[in-house]
Structure formats: structure tokens, C-alpha cells
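As numbered in mature numbering (1 follows the signal peptide of the UniProt record, and there is no 0), residues -17 to -1, 1 to 576 make up the sequence shown, in order.
Each residue gets a CB set at the ideal place from its N, CA and C atoms; glycine is no exception.
Just so you know, these numbers come straight off a predicted model, no measurement behind them.
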Amino acid sequence: MLSSIFLVALLAPSVLAQSTVVDAYVSTESPIAKASMLANIGSSGSKSSGALSGIVIASPSTVNPDYLYTWTRDSALTFQTIIEQFTLGIDTTLRGEIDNYVGAQAIVQRISNPSGDITTGGLGEPKFYVNETAFTGSWGRPQRDGPALRSTALITWANYLLSEGNMTYVTNTLWPIIETDLNYVASDWNQSTYDLWEEVYSSSFFTTAVQHRSLRQGTTLAQALGDISLASNYETQADHLLCFLQSYWNSAGYMTANTGGGRSGIDSNSVLASIHTFDLTAGCDAITFQPCSDIALLNLFTYVNAFRNIYEINSGIPANEAVLTGRYPEDVYMGGNPWYLTTLAVAEQLYDSLIVWNSQGSLDVTNISLPFFKLFESSIAVGTYSSSSNEFRTLTTAVKTFSDGFVALVAKYTPPSGGLAEQISKNNGAPVSAVDLTWSYASVLTAFDARGGVVPASWGAQGLSLTCAGSPASQTVSVTFNVDVTTTEGQNVYLTGSADALKDWSTDNAILLSSANYPTWSGKSEFTPKSVPLYSLFAFFLVLVTVTVPGSTDVQYKYIQKDGSGTVTWESDPNMEITTPADGTYATNDTWR
Ligand SMILES: *[C@@H]1O[C@H](CO)[C@@H](O)[C@H](O)[C@H]1NC(C)=O
Ligand SMILES: *[C@@H]1O[C@H](CO)[C@@H](O)[C@H](O)[C@H]1NC(C)=O
Ligand SMILES: *[C@@H]1O[C@H](CO)[C@@H](O)[C@H](O)[C@H]1NC(C)=O
Ligand SMILES: *[C@@H]1O[C@H](CO)[C@@H](O)[C@H](O)[C@H]1NC(C)=O
Ligand SMILES: *[C@@H]1O[C@H](CO)[C@@H](O)[C@H](O)[C@H]1NC(C)=O
């Protein structure tokens, strides 16, 4: 008590003023954010216009942009928040909402859609109409983080119900939904995905991180429910995912958000991954990218700094103070502005870090996190500082002030109604883009909870280590695609299909087959995560004989013909389909349809 009075007395008046502003904002905005979030959930939400029971709309905005859809990702993150508020005793009125969400997801999972049906990839569909029908327009699909986030939310719920002794509901109602999502994650994580911003088709750090978390939680739940072989498969795939997660690190000091996209890769994707995989029991573990890990702090430093000079509204703010941040610095969507939820995510990562440092009674400054800590104490050196040290007090006090600064900016640019849009004008701070964004409200609640020291349930990040030797890269499955086709002069036969290695249904990049055994056209594919394309010349044709996809995968494909002018002729429907074996070789003997 004495020491905290002493500390407060040492703080500059502006810092005290800021903390008062943030305290006031937390108390006024909390109920507004909660009510506004619930208003966007059907069927009783006052702004959920037409959404069925348990369906979360992204925003009531119907023009410029039209967000009156339900996204699997946004819904799961919203319900992760609601489920945590209920299970941690913060708000005991939310059980009915959770039951409705469960009911809705059992239906949404089964909607056939352009990504497929429940067994052929449809779980990767990013968004649906709010009346639980498929959206069939063109979109960035699939987005493979959805099933991972949904299963994580439902496992968090299931664990609570198990602790209440409610095994029946978990087994009969929750587990079938969860298992369906986890099986999808376990089998398809190693395929390309659109990122959480729905723009880049490659591998994405956020997606990999939340997929890893879902399979760790799934392993424990499958064990608890007695399905040992399923648990073992989830654990094996989680080990592979954890290895893959390490590969995104860029030695320039940040996590590369996406392996494709042609951008810097600096992106709130990584900050969001750290807060959505926070586990106090893992401490400041770096391999699971915990909020207070040295790489996550350096990543935050790099990410925040990327926005200091690109938004007019941030000009003149000193380098050790908070600024508004956006999705990624190259963003141009709706003008390319700061976002409420990304700015709040920075604060949340730091509040999570403070929880860990205070809980473990010490703080590590490593040669990786040094630039971050030097923001607050230019003379700080690499070392471990116990909570009784002056360095610990100085750094944690400064980090708290810094993180409150992000919330203070959000408070400054929240209109008097308390309503939160998607973005904040980079020029004048006015709300921009979709009004009442559900995810903005959820991010307010989780950031405030973290500020208040709320610790979410552990998901099993503690004590993990890397066992990367048995990665799927070591398994090679050779598949030869043979198709009998009578062709005319100048006509060539190509293969395209539903996997990276089969060029993801591209006709431009489809695989040219060899006519060495005409009329059988052939191409041989090595189904392994290590890509080793081999090219050879056959007559006048360049023949690609080796492509890569993982083993034990359902693959759909079709043959196409192209003439000299590039005109494409497809085979008739339906698609051909095979399941690649786990090892060995496989050959198709197809006839052109
Ligand atoms: C569902 O909503 C969409 C978009 O508003 C509409 O086009 C479609 O007709 C609706 N379907 C049903 C079955 O109500
Ligand atoms: C188990 O949980 C479900 C979902 O909330 C609830 O409907 C049911 O009444 C609970 N059963 C028991 C025995 O508490
Ligand atoms: C699949 O996993 C391998 C091994 O971790 C990795 O190198 C490759 O980039 C992954 N591909 C995708 C699309 O996830
Ligand atoms: C950082 O510290 C690690 C050991 O803690 C050491 O192996 C590494 O060489 C150091 N890197 C730099 C750039 O000093
Ligand atoms: C295709 O033919 C080869 C050679 O006759 C045979 O070994 C293989 O099993 C056949 N593949 C299928 C899927 O029937």
C-alpha cells in the first residue's frame, strides 16, 4: 500500500490524467460494448436485422460496406469473449446466448456452399447469409481459421460444462460439432488459405497459430472423452503445426503475417495471434508466441512503429507513446485507416504481459526484446529483473502507461454515443467504414478484461517443446494421373484440382501432362509437403512431372484441354476425386469425360 502511494506520487500529472481518462472510459464503454455486441446477435438483438437465433452479424451496415453476413471467424471470436465472460463469472446472464450459438453452428456447419459440403471442404467457407444459407458470390475462400476458432470457443465451453458434471450435453451436442471442425483442421491445415483479412491466399501466421491452439485443446478433450486414437492424431498434427509456426519469423524483427501477398508482412495478424493464444501457464514462452515472449514484444514494437509515420493523426507523437494502428501498413481498404480492434489488440497484448510478469514475479529482457524495453528505459540491459528491483517497477509502470495510451486513443476517437465502427479516419479521427462492428465491441471487452487482470482458462501451451523431426515433409506419396484422351493436333491435356500441388483449380497454371503413351496422358505427382518440382522436355512440351500435396488428403481434380490459342475445354461434371494414401504410390486410370 505504502509503495503504491509512493509510486503514484512519482508519476507525472499527465500519466495520472491518462489513467483517470482510461478508468472512466472502461466504466462507461464496458456496458455499451456489451449491449452493442449482443444487439448484433440474432434473433433478439435489436440491430441483428433478420439474423436467426445465435447468428452473429458482422455489422448492421448494408451498404459501403455491406457486412450483413455472418462470418465464422468473427462469430467465434465474439463467442469466445461471451463464453469467457460467462465461465469466468464476469457475466452470468449469457448462458442462453451461448446455447443459441451452439444451435446455430450445428446448422451452419452443414450448409453446402461454394467451398464444398461438410466433408469436402465446406467448413472453410468464410461467411454465410444471416438466414443460414450459403453465400455464393465470389469471395476469398477458403479461410481455414474459422473451424479452429469455432472449436476453440466450443471446447472452452465444453471444459466448463465438464467441470459442472454436464457430460451428456458435451458428448451429445458439443462434441459432434467440435470433432467435425477439429478433423478438418487436422487434415487440411497444410493447405493454402485466405488470411483473416480475406486478401492473401498463402499460409497465414494467425491461422496456423489458432489451428495449433485448437488441436492442443482438442487433444485434451478427446482424451477426456475417451477417444485416444483421435487425441493422438490431433497431438501429432499439433506438433507439426507448432513446428510450422516457427517458420514465420523474420529476422528483421517480426512475424511474417502471410507467406504470400508481396507485402512487408508486418501485420496485426501476429498481435491478434498472440492475444488469442495467451496462456498464463506458458509464461513468456517464445515457441507458442506468448504475449510477453521476447519475439512477440519485438514484433509488437516493429508493428506499432510501422504506423507512426503513415497516418496524419499520429504525427508528432513521441516514439515511446501509443499511436493508432491499422491492419498492416500497406492497407488501402476503405482508405487504409487505423482500426479500433487492432489498436486495442496492442493494449491487450501488453496487459496480458503485465499479468504474467506480476504473476511470475520477474521480467526478462533479452537481446531480442531489448529495443522494446529501451523505449521506456534507455539504459536497460539484458537480464532478469525480479519484482523487487527498481528496473521491474520502472518497466512495468511504463508498459502499463504505454498500453493505457492505446486505450486512451480509442477513447479519444469514440463518439459520444459509445458506438464503435470498424475504422478511425487517419486524417481527422472520425469513425469510418462499417458502423457497430461486432468485433470492435468484442475487442473492447477482452482488452478491458486483460487490463483488469482477468486470466482466461489455460489451453495447454505449458511445457511444449519442438519435435520437428517427424514432420509431414518426411513422407512422400507418389501419385500418377493417367487419362485416356484422343486429341487433335495442337490440343494438349492438363490437370488442375483442389490442392496447391494441383494448382488450386487454376486453368492458367494447370499441369501439362505428357503424351508419351498417347492416347494416355500422364503426370506423376509427389504428394509431400516439401516441394520439389522437376521439369523435363518432352518433344515440344515442357512436362511437369512432380508436384506436391500432403498424403491422406481428399483431392478433387479435373482434366482440361487447351488449344494453341489457349481456349480451355473442361471435362464434364462431377469432379474426379481421390484420397491420396498415407504412403506408397497410387495411380489413376481415368477416361476423359
Ligand atoms: C436468405 O437471405 C438471402 C440474402 O438476403 C436471400 O437472397 C435468400 O433468398 C434468403 N433465403 C431464404 C431461404 O430465406
Ligand atoms: C447442460 O448444459 C446445457 C447447455 O447449457 C443445458 O441445457 C442443460 O440443462 C445442462 N444439463 C444439466 C444437467 O445441467
Ligand atoms: C506445409 O507444411 C510444410 C512443413 O511445415 C511447410 O513447409 C509448408 O509451407 C506448408 N504448406 C502450407 C500451404 O501450409
Ligand atoms: C542473443 O543471446 C543469445 C543467447 O541468449 C545468443 O546466442 C545470441 O548470439 C545473442 N544475439 C545477439 C545478436 O547478441
Ligand atoms: C490403374 O492401373 C494400374 C496398372 O494396371 C493398377 O496397378 C492400378 O491399381 C490402377 N488404379 C486404380 C485406381 O484402379
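Comparing the CB of F189 with every heavy atom of ligand 3, is any distance shorter than 7 Å?
Within the sequence shown, residue 189 is the residue found at index 206, counting from 1. Not under cutoff, so the answer is no.
Integer-rounded CB distance, given that S251 should sit under 8 Å from A328
Taking the sequence shown and counting its residues from 1, the one referred to as residue 328 is at position 345. Taking the sequence shown and counting its residues from 1, the one referred to as residue 251 is at position 268. Right, their Cβ atoms sit about 6 Å apart.
Where does I494 sit, in a helix, a strand or coil, going by DSSP?
Within the sequence shown, residue 494 is the residue found at index 511, counting from 1. Strand, per DSSP.
From T45 to L51, what does the alpha carbon distance come to, in whole angstroms?
Within the sequence shown, the letter at position 62 stands for residue 45. Within the sequence shown, the letter at position 68 stands for residue 51. Roughly 6 Å separates the two Cα atoms.
Write down the C-beta distance between G25 and S31 rounded to the nearest angstrom, noting that I regard them as a contact closer than 8 Å.
Numbered from its first residue, the sequence shown carries residue 25 at position 42. Numbered from its first residue, the sequence shown carries residue 31 at position 48. Sure, about 4 Å apart at Cβ, within 8 Å.
Below 7 Å, is the gap between the Cβ of D74 and the nearest heavy atom of ligand 2?
Taking the first residue of the sequence shown as position 1, residue 74 is located at position 91. No; taking the cut-off as 7 Å, the Cβ of D74 has no heavy atom of ligand 2 nearer than that.
For V538, name the three-state secondary structure that DSSP assigns.
Counting from 1 along the sequence shown, the entry for residue 538 is found at position 555. Note: V538 maps to strand in three-state DSSP.
Between the alpha carbons of D262 and F272, how many angstroms are there, rounded?
Translated into the one-based positions of the sequence shown, residue 262 becomes position 279. Translated into the one-based positions of the sequence shown, residue 272 becomes position 289. Looking at the two C-alpha atoms, the distance is approximately 10 Å.
Classification of T469 by the beta-carbon crowding that lies within 10 angstroms, buried from 16 upward
Taking the first residue of the sequence shown as 1, we reach residue 469 at position 486. T469 comes out exposed.
With respect to the alpha helix (DSSP H) encompassing F189, which residues constitute its N-terminal and C-terminal limits?
Numbered from its first residue, the sequence shown carries residue 189 at position 206. Boundaries of the alpha helix (DSSP H) around F189: F188 to A207.
Do T239 and F284 come within 8 Å of each other at the CB atom, strictly closer than that value?
Here residue 284 corresponds to residue number 301 of the sequence shown, with the count starting at 1. Here residue 239 corresponds to residue number 256 of the sequence shown, with the count starting at 1. Not in contact: F284 and T239 (Cβ atoms no closer than 8 Å).
Can you determine whether any heavy atom of ligand 2 sits closer than 7 Å to the C-beta of Y152, and answer yes or no?
Locating residue 152 in the sequence shown gives position 169, counting from the first residue. Flag set: Cβ of Y152 near ligand 2.
Other residues of its chain near R133: CB distance less than 7 Å, five sequence neighbours each side excluded:
Here residue 133 corresponds to residue number 150 of the sequence shown, with the count starting at 1. So the list reads T55, A59, Q88 and D164, once near-sequence residues are dropped.
Pairwise C-alpha distance: T571 and T536
The residue labelled residue 536 in the question sits at position 553 within the sequence shown. The residue labelled residue 571 in the question sits at position 588 within the sequence shown. So the two alpha carbons sit approximately 15 Å from each other.
Checking the sheet assignment: what are the DSSP bridge partners for P414?
The residue given as residue 414 occupies position 431 in the sequence shown. Paired residue(s): I407.
Under 8 Å between C-beta atoms of L353 and K383:
Here residue 353 is taken as the residue at index 370 of the sequence shown, counted from 1. Here residue 383 is taken as the residue at index 400 of the sequence shown, counted from 1. No, the pair does not count as a contact, with Cβ atoms beyond the cut-off.
Does the separation of the CB atoms of V153 and L35 fall below 8 Å?
Sequence index remark: in the sequence shown, residue 153 carries index 170 (1-based). Sequence index remark: in the sequence shown, residue 35 carries index 52 (1-based). Not closer than 8 Å, so no.
Do the stretch 367 to 381 and the stretch 397 to 405 make contact, defined as three or more Cβ pairs closer than 8 Å?
The stretch 367 to 381 vs the stretch 397 to 405: no contact.
Top-ranked residue by Cα proximity to W232, from N216, S253 and W422:
Along the sequence shown, one-based indexing puts residue 232 at 249. The closest CA to that of W232, considering only N216, S253 and W422, is found on S253.
Within 10 angstroms of the Cβ of S505, are there 16 or more other Cβ atoms? Answer buried if so, exposed if not.
As a first step, residue 505 is located in the sequence shown; it is residue number 522 there, counting from the start. Buried: at least 16 other Cβ atoms inside 10 Å.
Among the residues of its own chain, which have a CB less than 6 Å from the CB of A522, if the five just before and after it don't count?
Stepping through the sequence shown from its first residue, residue 522 is reached at position 539. Confidence at A522 is low in this model, with a pLDDT of 39, below 50, so the placement of that residue should be treated as unreliable; the coordinate-derived value is given next. Within the same chain, A522 has no close Cβ partners at all.
According to the Cβ coordinates, are V418 and E12 closer than 8 Å?
Translated into positions along the sequence shown, residue 418 becomes position 435. Translated into positions along the sequence shown, residue 12 becomes position 29. Here V418 is not near E12, since their CB atoms are 8 Å or more apart.
Could you please give the first and the last residue of the uninterrupted beta strand (DSSP E) stretch that includes V460?
Residue mapping note: residue 460 aligns to position 477 of the sequence shown, counting from 1. Its beta strand (DSSP E) spans residues V460 to D467.
Comparing the CB of N114 with every heavy atom of ligand 1, is any distance shorter than 7 Å?
Residue mapping note: residue 114 aligns to position 131 of the sequence shown, counting from 1. Answer for N114: yes, Cβ within range of ligand 1.
Taking buried to mean at least 16 other C-beta atoms within 10 Å of its own C-beta, is Y396 buried or exposed?
Looking up residue 396 in the sequence shown gives position 413. Buried, because 16 or more other Cβ atoms sit within 10 Å of the Cβ of Y396.
So does the stretch 134 to 146 actually touch the stretch 483 to 502, counting three or more Cβ pairs closer than 8 Å?
no
Can you look up D347 in the DSSP assignment and give me helix, strand or coil?
Start at 1 with the first residue of the sequence shown, and residue 347 comes out as number 364. Looking at D347 - three-state DSSP - the assignment turns out to be strand.
What are the boundary residues of the beta strand (DSSP E) that includes L478?
As a working note, residue 478 is residue 495 in the sequence shown. DSSP places L478 inside the beta strand (DSSP E), whose first and last residues are N475 to G480.
The alpha helix (DSSP H) with W553 in it runs from where to where?
For the purposes of this step, residue 553 is taken as residue 570 along the sequence shown, with counting starting at 1. It is not in any alpha helix (DSSP H) - W553 instead sits in the beta strand (DSSP E) that spans V551 to W553.
Quick one: residues in its chain with C-beta nearer than 7 Å to the C-beta of T95, no 5 flanking neighbours on either side, listed in chain order?
Residue numbering aside, residue 95 sits at position 112 when the sequence shown is read from its first letter. The amino acid occupying residue 95 in the given sequence is Ser; Thr does not appear at that position. Only G105 and A117 meet the Cβ criterion.
Below 8 Å between beta carbons: does that hold for F389 and A289?
Your numbering for residue 389 matches position 406 in the sequence shown. Your numbering for residue 289 matches position 306 in the sequence shown. No, they are not a contact pair.
Ordered along the chain, which non-local residues of its own chain (more than five positions away) have a Cβ less than 8 Å from that of I161?
Locating residue 161 in the sequence shown gives position 178, where the first residue counts as 1. Taken in chain order, the residues that qualify are S134, L137, I138, A141, G201 and L204.
Nearest CA to the CA of T260: which residue from T242, L281 and S197?
In the sequence shown, residue 260 corresponds to position 277, counting from 1. Here the closest residue by C-alpha is S197.
Through-space distance from G99 to M559, alpha-carbon basis
Taking the first residue of the sequence shown as position 1, residue 559 is located at position 576. Taking the first residue of the sequence shown as position 1, residue 99 is located at position 116. Between the C-alpha atoms of M559 and G99 there is a straight-line separation of about 14 Å.
In whole angstroms, give me the CA-to-CA distance for S186 and T3.
Here the question's residue 186 lines up with position 203 in the sequence shown. Here the question's residue 3 lines up with position 20 in the sequence shown. So the alpha carbons of these two residues sit roughly 42 Å apart.
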